[in-house]
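Asker: The numbering used here numbers the first residue of the sequence shown as 575 and each following residue consecutively.
Can you read through this structure? Questions will come right after.
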Amino acid sequence: AFAHIKKLSTITLPEKLEQIGFGVFMNCTGLSEVHVLATEPPYCGSMVFYNVDFDQCKLFVPHGKLDVYRISTPWSSFKHIEESTAMPYVTFTTSQKIGSEVVSRIVGENIMFDGIKFLETKEVMGEKFDYYQVMKKDVRIEGRITEMSVDNFNVEALDVSHCPMLKVLSCKNGKLETLDLSNNKELDTLNCSYCGLKELDITQCGKLVFVDCDENELTKIDISKNLLLNFLSVNKNKIGSIDVSAQKYLETLSLNGTEIEKLNVTNNLYLQNLFANENKLSELNLTNNNNIQELQLAKNNFASFSLNSSTLKKLYINDNKLKTMKLDLPELELLCAYNNEIAELDLSNLKNVNTLSLHHNLLTDINVKTLGKLEYIWIDNNKLKTLDLSQNQMILTVVCYSNELSANACKLLMEGLPQRNESDIAEIIIVDTKGIEGNVCTKSAVAIAKEKQWNVIDYVGGTEGYPGLPYDGINDPTGMQYINADNSIKTFNIINGKILFSGNCGRVRFYNAQGTEINSFDNPTSIDLSSIPHGVYIVTFNGTSTKFVH
């Protein structure tokens, strides 16, 4: 195919070439360079290089293969034989089974594989994936590799020190104690999460923009030389402290479970996302962070918290020790502040909130009238005596069991709910009959909600999955308009596990929270409660009904 082409000056013979046929390059008198990539000299038929000037034409052979070409015919005829410059390379050991197929991404120039074999590229949902077959445990990849992902090889050892042009490296899910990046000065993206690394030195990688080293065994990380960092995630490493004062371009910082006690982000003016859950923080200054959009501070040591931001959209500050919280967040869409000790909370400056989670606090009152976009509210396990949702016309989910809503308060709550369509699947979880329930929701109150296409739910302690079971309400008492939830009608006392009556009480009926009659008594002086389970009960007599918690 090439014979007699006198203008041919340079040829490159591929790595896997094993033989060259008769006279392939005969009379190619213009040849000045022949590059052979095969590590074993290919067998040549007769007259392959007939009339080629062996004195002028140079032969370039793979690094370390000079001697073997010098003793092989016809390669030994070349007077100038040189080894090619050593190719950049990466080596790793894989724990994948030999013969298994692995999805990987390896990008670069003049790439040659030893230990893995490229199979094909598949397109799945518009995204392309490269498939390789494992040929042996120890893998060597030569070439000018700029991007490499070996996540699925389960690497047990990885050496990238001989590939200085590498820009993107992902080796997550490996088993590595160390990773030498001292020669990878072009690296801009690094993901070495879930590798078991005990140390990580990135001080020589000044071009890094993205670093994810989650869930290793790091006890410190020095990023003082990584001034271009835009994304940094160090989750679940016990580093104790971190200095991000030099990272002025940082937009996302994730420090969940790192045991930090203090954090200074006043220099990070472009910070948009801060995740610092499960730490020991008790204070945080965000006055300079005018671009913050999501803030996660759950499971820390905050006793009070105050924040004024015109950009924040999501705030997670649940599971702290919060007693007071002052928020002015006009763009906030989601607030999670459950499992705290908050007794009062002003929501008037959260007019854009869509989702509100305040369950397990000490709230006795909550005003959500200004929250016109509210769709979801979890406010169970508080001490609410009233809940007014009449101004929340977008509301779809209400979880308010285990409060202190009287029968009248429950009725008013149901009357304030907006009309819904069946397709909306609107739900109100009003009681938990397997917990200590203080709400009293009658059948007439339930009927009001159902008329508006609301599903009324009993949480039943979570034993039936979420949200629970349909709830019909307790029987409406006769002889009065509502059941008193705060015992303001003082007709009996509970002392030492007994109900004590004063005066003539006539026929006394004893109901559980579902409205089922448990027992009845004729003019008793006391009722022993020691044999009944803890829960909510109702006593009716003399035309009155009174709820109490046992």
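Yeah, the Cβ is synthetic: ideal placement off N, Cα and C, and Gly gets one too.
Using a 10 Å radius around the Cβ and a threshold of 16 neighbouring Cβ atoms, would you call Y1085 buried or exposed?
Answerer: Residue numbering aside, residue 1085 sits at position 511 when the sequence shown is read from its first letter. Buried is the call here.
Asker: Does the Cβ of F879 have 16 or more other Cβ atoms within 10 Å, making it buried, or fewer, making it exposed?
Answerer: Mapped onto the sequence shown, residue 879 falls at position 305. Burial call: buried.
Asker: Is the beta carbon of L970 sitting closer than 8 Å to the one on I940?
Answerer: By 1-based counting over the sequence shown, the position of residue 970 is 396. By 1-based counting over the sequence shown, the position of residue 940 is 366. Contact: no.
Asker: Tell me whether the beta-carbon of E657 lies closer than 8 Å to the beta-carbon of M686.
Answerer: In the sequence shown, counting from the first residue as 1, residue 657 sits at position 83. In the sequence shown, counting from the first residue as 1, residue 686 sits at position 112. Contact: no.
Asker: Residue range of the alpha helix (DSSP H) that N982 falls in?
Answerer: One-based indexing of the sequence shown puts residue 982 at position 408. Membership of N982 in the alpha helix (DSSP H) is indicated by the continuous run A981 to G990.
Asker: Give the DSSP-derived three-state secondary structure of S651 in the structure shown.
Answerer: Position 77 of the sequence shown, counted from the start, is the residue given in the question as residue 651. Residue state, collapsed to three classes: helix.
Asker: Skipping 5 residues on each side, what residues in its chain have a beta carbon closer than 6 Å to that of Y1033?
Answerer: For the purposes of this step, residue 1033 is taken as the residue at position 459 of the sequence shown. The residues are Y975, I1003, D1006 and G1042.
Asker: For V1082 and V1113, which I take to be in contact (beta-carbon distance under 8 Å), what is that distance rounded to the nearest angstrom?
Answerer: The residue you call residue 1082 lines up with position 508 of the sequence shown. The residue you call residue 1113 lines up with position 539 of the sequence shown. Yes, V1082 and V1113 are in contact; Cβ-Cβ is about 6 Å, under 8 Å.
Asker: Hey, quick one: how far does the beta strand (DSSP E) through Y624 stretch, first residue to last?
Answerer: The residue you call residue 624 lines up with position 50 of the sequence shown. Looking at the DSSP string, Y624 is not in any beta strand (DSSP E), and its letter there is neither H nor E.
Asker: What three-state label does DSSP hand N1086 in the structure shown?
Answerer: Against the sequence shown, residue 1086 aligns to sequence position 512. N1086 falls in the strand class under three-state DSSP.
Asker: Starting from V1126, trace the beta strand (DSSP E) in both directions and tell me its first and last residue.
Answerer: In the structure displayed, the chain extends from 575 to 1124; residue 1126 sits before or after that span and is not available.
Asker: With a threshold of 8 Å on Cβ separation, who are the neighbours of Y912 within its own chain once the five nearest residues in sequence on each side are excluded?
Answerer: Against the sequence shown, residue 912 aligns to sequence position 338. Contacts found: N892, D893, S931, L932, H933, H934, N935 and W952.
Asker: According to DSSP, what are the bridge partners of P1044?
Answerer: Taking the sequence shown and counting its residues from 1, the one referred to as residue 1044 is at position 470. For P1044, which the question treats as bridged, DSSP gives the partners I1031.
Asker: Taking a contact to mean a Cβ-Cβ separation below 8 Å, would you say R714 touches D754 in this structure?
Answerer: Position 140 of the sequence shown, counting from 1, holds the residue named residue 714. Position 180 of the sequence shown, counting from 1, holds the residue named residue 754. Taking 8 Å as the Cβ cut-off, R714 and D754 do not qualify as a contacting pair.
Asker: Touch check for the segment 984-998 and the segment 1009-1025: three-plus C-beta pairs under 8 Å?
Answerer: yes
Asker: Report the residue from N862, V972, L1074 and V677 whose alpha carbon sits nearest the alpha carbon of V1030.
Answerer: For the purposes of this step, residue 1030 is taken as the residue at position 456 of the sequence shown. Of the listed residues, the one whose Cα sits closest to V1030 is V972.
Asker: With three or more C-beta pairs closer than 8 Å as the rule, is the segment 670-681 touching the segment 645-657?
Answerer: no
Asker: In terms of residues, what are the limits of the alpha helix (DSSP H) holding A1023?
Answerer: Start at 1 with the first residue of the sequence shown, and residue 1023 comes out as number 449. Note, A1023: alpha helix (DSSP H), K1017 to E1025.
Asker: Distance, Cα to Cα, N928 vs S674?
Answerer: Residue mapping note: residue 928 aligns to position 354 of the sequence shown, counting from 1. Residue mapping note: residue 674 aligns to position 100 of the sequence shown, counting from 1. Whole-angstrom Cα-Cα distance: 48 Å.
Asker: Considering only the alpha carbon of each residue, which of F805, S606 and N1013 lies closest to K957?
Answerer: Locating residue 957 in the sequence shown gives position 383, where the first residue counts as 1. Ranked by Cα distance from K957, the first of F805, S606 and N1013 is N1013.
Asker: In terms of residue numbering, what span does the alpha helix (DSSP H) encompassing D641 cover?
Answerer: Translated into the one-based positions of the sequence shown, residue 641 becomes position 67. Element bounds for D641: L640 to R644.
Asker: Note down the Cα distance separating K781 from E760, rounded to an integer number of angstroms.
Answerer: Translated into positions along the sequence shown, residue 781 becomes position 207. Translated into positions along the sequence shown, residue 760 becomes position 186. Using only the alpha carbons, I get a separation of about 6 Å.
Asker: With DSSP as the reference, please indicate the residues paired to D733 in a beta bridge.
Answerer: Counted from its first residue, the sequence shown places residue 733 at position 159. Paired residues: T665.
Asker: When you compare the CB positions of E905 and S884, do they come within less than 8 Å of one another, or not?
Answerer: Mapped onto the sequence shown, residue 905 falls at position 331. Mapped onto the sequence shown, residue 884 falls at position 310. Yes; because the gap between Cβ atoms is below 8 Å, this pair is in contact.
Asker: Tell me whether S1119 sits in a helix, a strand or coil according to DSSP, three-state version.
Answerer: Against the sequence shown, residue 1119 aligns to sequence position 545. Reduced to three states, the DSSP call for S1119 is strand.
Asker: Starting from the C-beta of S1105, find all residues in its chain whose C-beta is less than 6 Å away, skip the five residues before and the five after it, and write them out in chain order.
Answerer: Locating residue 1105 in the sequence shown gives position 531, counting from the first residue. Hits under 6 Å: none found.
Asker: Can you tell me which of the three DSSP states S997 falls into?
Answerer: Working through the sequence shown from its first residue, we reach residue 997 at position 423. In this structure, S997 counts as helix in the three-state DSSP scheme.
Asker: So, N875 versus K854, is the Cβ gap smaller than 8 Å?
Answerer: As a first step, residue 875 must be located in the sequence shown, where it is residue number 301. As a first step, residue 854 must be located in the sequence shown, where it is residue number 280. Yes. Within cutoff.
Asker: Between the segment 720-735 and the segment 744-751, do at least 3 Cβ pairs fall closer than 8 Å?
Answerer: yes
Asker: Is the segment 624-640 touching the segment 700-713, taking contact as three or more C-beta pairs under 8 Å?
Answerer: no
Asker: Y823 to E791, Cα distance in whole Å?
Answerer: Working through the sequence shown from its first residue, we reach residue 823 at position 249. Working through the sequence shown from its first residue, we reach residue 791 at position 217. Computed Cα separation, rounded: 27 Å.
Asker: May I ask you to verify whether the segment 605-618 touches the segment 580-590, counting CB pairs closer than 8 Å and requiring at least 3?
Answerer: The segment 605-618 is in contact with the segment 580-590.
Asker: Whole alpha helix (DSSP H) runs in the segment 929-975 with 4 or more residues, listed along the chain?
Answerer: Qualifying alpha helix (DSSP H) stretches: none in this window.
Asker: In chain order, what residues of the same chain lie with their CB nearer than 8 Å to the CB of D954, ignoring the 5 residues before and after it?
Answerer: In the sequence shown, counting from the first residue as 1, residue 954 sits at position 380. Cβ neighbours of D954 beyond the five flanking positions: H933, H934, V973, C974, Y975, S976, N977, I1003, D1006 and Y1033.
Asker: How far does the beta strand (DSSP E) with L908 in it extend, from its first residue to its last?
Answerer: Within the sequence shown, numbered from 1, the residue matching residue 908 stands at position 334. First-last of the beta strand (DSSP E) with L908: L908 to C910.
Asker: Leaving out the 5 sequence neighbours to the left and right, which residues in its chain are closer than 6 Å to I1101 when beta-carbon positions are compared?
Answerer: Locating residue 1101 in the sequence shown gives position 527, where the first residue counts as 1. Taken in chain order, the residues that qualify are I1073.
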